[in-house]
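Working notes for the structure below.
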DNA sequence: TGACGACAATGGCGCAACGCAAAGCCACCG
DNA sequence: CGGTGGCTTTGCGTTGCGCCATTGTCGTCA
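Protein chains in written order, with this note's numbering: chain Z, 409 to 637; chain E, 409 to 637.
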């Protein structure tokens with residue numbers, strides 16, 4: 409579900425008189441502010457991916473953006489809030505890709521499953537740093553709380569959605585004796601394993617192992633619906 | 409290779425005059441010291457697994473052990489050194505299990521591969537906290553440097569060893585057209601994916617997905633040598 | 001058009017936490 | 001009984017977060 413676009417509103421709790429103002433105010437100040445917010449988020453992603461959570465401080469983020477640390481505190485009220493916004497942003501990005509590749513209208517269940525495979529692979533190829541941020545966030549127990557709120561529910565939803573598609577394929581294709589749950593969980597393991605391992609050992613990136621193995625498992629389960637390439 | 413047993417010696421650079429002293433000195437003080445070292449390592453593992461790297465401090469470790477923080481500094485000269493010792497300890501533990509299950513004399517290549525599967529699964533089941541520590545260490549870029557020195561070489565060696573076993577099986581079994589490299593890499597992905605995912609989402613632990621899927625892939629590649637159970 | 005108000009952004013400060021080094025204490029070995 | 005070695009106490013220096021007063025910038029209303 410392409411949820412909230414709340415990202416930009418993150419830090420502002422000021423009462424703007426509730427007047428409906430979203431439409432008109434072609435305001436250069438507001439534009440500048442939102443641009444700053446995005447630049448801060450981008451810088452944070454960059455820093456986390458490159459140096460890890462531990463060495464990321466407000467002043468370094470500010471330095472990387474080219475502003476003072478107080479600006480960061482101004483837009484996001486605290487460090488934790490900033491991290492929350494970052495994870496929300498990345499989650500939304502993944503969601504957008506998933507919607508495009510999996511939920512596009514007119515696709516067959518088989519095509520949707522292939523779309524899901526594509527989604528995992530493309531995301532990792534296009535934005536390795538984003539994947540790194542996901543991994544970093546979900547490792548440390550403290551930041552993991554944030555991940556549990558924002559990232560994990562989506563993750564579980566994607567796995568469940570894929571599982572439903574597999575069930576549909578099994579039913580319509582007349583397959584019996586296929587252990588759908590194990591298969592879905594395996595695909596999940598593979599995706600996260602690939603992401604984690606690539607983050608850990610970037611040199612081995614960009615081989616086609618993930619895709620090949622997933623197709624192998626799918627072919628093994630539904631030979632008439634998934635061809636090996 | 410069951411490398412160094414240097415763990416206990418980690419923090420001491422004091423010149424003990426080079427005199428060979430490893431044998432005799434049945435010294436209660438020394439025993440106490442080594443017990444302290446082990447307790448510190450255990451406490452550190454516990455804390456990292458439960459709270460993450462960020463919130464682990466020297467004083468918390470000391471508090472958890474029931475001593476002053478300076479004791480920790482005394483045994484390991486710095487925080488980084490302590491972490492290095494912890495990772496070394498865990499690495500040695502895994503190595504011991506691997507040697508038992510994979511390199512035991514008299515095993516056939518097939519049994520060795522099954523032993524490797526067992527190894528990954530048992531380690532995660534017996535010591536989930538140890539796995540968590542591995543994951544935590546290899547995520548943050550800073551601690552990752554330590555992991556790259558101590559953990560990663562072993563990891564790569566295990567994968568390579570498994571790959572060699574698969575090659576041997578393929579050769580002796582007369583299999584052709586099996587993509588060994590992809591298979592070995594897939595098993596690697598699965599292991600790390602399972603570890604990472606279980607660390608991330610502990611509630612789903614202890615299903616048999618990892619084993620089932622690995623056996624499925626092995627059966628698919630070498631049907632006469634690996635049976636589905 | 002000029003003054004006001006909202007909003008973006010700055011620099012600096014206080015407080016707390018942490019790592020680490022120095023010096024002394026005390027048990028135990030020879 | 002001298003001294004080695006494990007362990008504690010104390011305190012210093014550094015670093016980071018978050019708040020404050022303030023400045024600069026741009027719409028808006030008289």
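No residue lacks a Cβ here, since even glycine has one placed at the ideal position from N, Cα and C.
Note that the structure is a prediction, hence the values are computed from the model and not measured.
{"Query": "Proximal chain E residues relative to residue 489(Z), where beta-carbon distance stays under 9 Å", "Result": "The contacting residues do not exist; residue 489(Z) stays about 17 Å from chain E at best."}
{"Query": "Exposure of residue 599(E), with buried meaning 16 or more beta-carbon neighbours within 10 Å", "Result": "buried"}
{"Query": "The region 558-578 of chain E touching the region 500-518 of chain E, judged by at least three CB pairs closer than 8 Å", "Result": "yes"}
{"Query": "Any chain Z beta carbon closer than 8 Å to residue 568(E)", "Result": "no"}
{"Query": "Inter-residue Cα distance where the pair is residue 540(E) and residue 612(Z)", "Result": "23 Å"}
{"Query": "Given 8 Å, three or more beta-carbon pairs between the region 480-497 of chain E and the region 543-560 of chain E", "Result": "yes"}
{"Query": "The region 489-507 of chain E touching the region 437-455 of chain E, judged by at least three CB pairs closer than 8 Å", "Result": "yes"}
{"Query": "Chain E within 8 Å of residue 600(Z), Cβ atoms only", "Result": "yes"}
{"Query": "Reduced DSSP category for residue 635(E) - H, G, I as helix; E, B as strand; rest coil", "Result": "coil"}
{"Query": "Status (buried if at least 16 other CB within 10 Å, exposed otherwise) for residue 594(Z)", "Result": "buried"}
{"Query": "Nearest-angstrom Cα separation, counted from residue 559(Z) out to residue 529(E)", "Result": "26 Å"}
{"Query": "Straight-line Cα distance separating residue 545(E) from residue 481(E)", "Result": "20 Å"}
{"Query": "Neighbour-count burial assignment, residue 523(E), 16 or more Cβ in a 10 Å radius", "Result": "buried"}
{"Query": "Beta-carbon neighbours of residue 460(Z), restricted to chain E and to distances below 8 Å", "Result": "547, 548, 549, 550, 551 and 552"}
{"Query": "Through-space distance from residue 620(E) to residue 460(E), alpha-carbon basis", "Result": "31 Å"}
{"Query": "Minimum length 4: unbroken alpha helix (DSSP H) runs contained in the region 487-514 of chain Z", "Result": "487-510"}
{"Query": "Min CB distance residue 617(E) to chain Z below 8 Å", "Result": "yes"}
{"Query": "Cut-off 6 Å between Cβ atoms - residues of its own chain near residue 543(Z), not counting five sequence neighbours on either side", "Result": "604 and 607"}
{"Query": "Short-range partners of chain E found in the region 527-544 of chain Z, where Cβ spacing is below 8 Å", "Result": "543 and 544"}
{"Query": "Residue 455(E) to residue 535(E) span [Cα, whole Å]", "Result": "14 Å"}
{"Query": "Residues near residue 564(Z) in its chain [Cβ-Cβ closer than 6 Å; skip 5 each side]", "Result": "none"}
{"Query": "Reduced DSSP category for residue 429(Z) - H, G, I as helix; E, B as strand; rest coil", "Result": "Low confidence applies to residue 429(Z): its pLDDT is 36, below 50, so where it sits in the model is not reliable enough to give any reading."}
{"Query": "Beta-carbon gap between residue 602(E) and residue 571(E) smaller than 8 Å", "Result": "no"}
{"Query": "For residue 556(Z), three-class secondary structure by DSSP", "Result": "helix"}
{"Query": "Contacting positions in the region 442-466 of chain E - beta carbon closer than 9 Å to chain Z", "Result": "456, 457, 458, 459, 460, 461, 462 and 463"}
{"Query": "Start and end residues, alpha helix (DSSP H) containing residue 477(Z)", "Result": "477-483"}
{"Query": "Test item: CB-CB of residue 507(E) and residue 573(E) under 8 Å", "Result": "no"}
{"Query": "Residue 460(Z), DSSP secondary structure in three states", "Result": "coil"}
{"Query": "Residue 596(Z) - DSSP class collapsed to helix/strand/coil", "Result": "helix"}
{"Query": "Continuous alpha helix (DSSP H) stretch holding residue 540(Z): start and end", "Result": "536-545"}
{"Query": "For residue 617(E), the first and last residue of its enclosing alpha helix (DSSP H)", "Result": "617-629"}
{"Query": "Three-way DSSP call (helix, strand, coil) for residue 587(E) in this model", "Result": "coil"}
{"Query": "Residue 479(Z): CB within 7 Å of a non-hydrogen atom of the ligand ADP", "Result": "For the ligand ADP, the structure offers nothing, since it holds no ligand at all."}
{"Query": "Proximal residues, the region 493-506 of chain E versus chain Z, C-beta separation under 7 Å", "Result": "none"}
{"Query": "Which of helix, strand or coil DSSP assigns to residue 474(Z)", "Result": "coil"}
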